[in-house]
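Please read the structure below before turning to the comments.
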Amino acid sequence: DICKLQDWLRNYHLCRSDAFSLFEEFLEMVIQFSFTTIFVAAFPLAPLLALINNIFEIRLDAIKMTRL
Numbered sequence: 001d002i003c004k005l006q007d008w009l010r011n012y013h014l015c016r017s018d019a020f021s022l023f024e025e026f027l028e029m030v031i032q033f034s035f036t037t038i039f040v041a042a043f044p045l046a047p048l049l050a051l052i053n054n055i056f057e058i059r060l061d062a063i064k065m066t067r068l
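The sequence shown runs 1 to 68 under full-length UniProt numbering.
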């Protein structure tokens, strides 16, 4: 029972996320997609590098949203 209370307190003290923080995350994805599609003819590895970047970004965003 004390364990559930500690989880609740830890969640209570997390930073609040607002609509603008999510907007910035989506804006980053849109900009990356547009640059990838524009420059794919000049740099064919761009989609692969974007995929690798997105895999790391997913993990880092999850850590950021749960721990900071």
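All C-beta atoms, glycine included, are put in the ideal place defined by N, C-alpha and C.
Asked	Found
Work out the CA separation of Asp61 and residue 75 for me, nearest whole Å.	Not covered by the structure: residue 75. The range shown for the chain is 1 to 68.
Taking Ala46 as part of the alpha helix (DSSP H), name the residues at either end of that continuous run.	Ala46 to Arg67
Once you ignore the five residues that flank Glu28 on each side, which residues in its own chain have a CB closer than 6 Å to its CB?	none
Which residue from Phe23, Arg59 and Ile52 puts its Cα closest to that of Thr36?	Ile52
How many Å lie between Ile31 and Ser21 at the Cα?	16 Å
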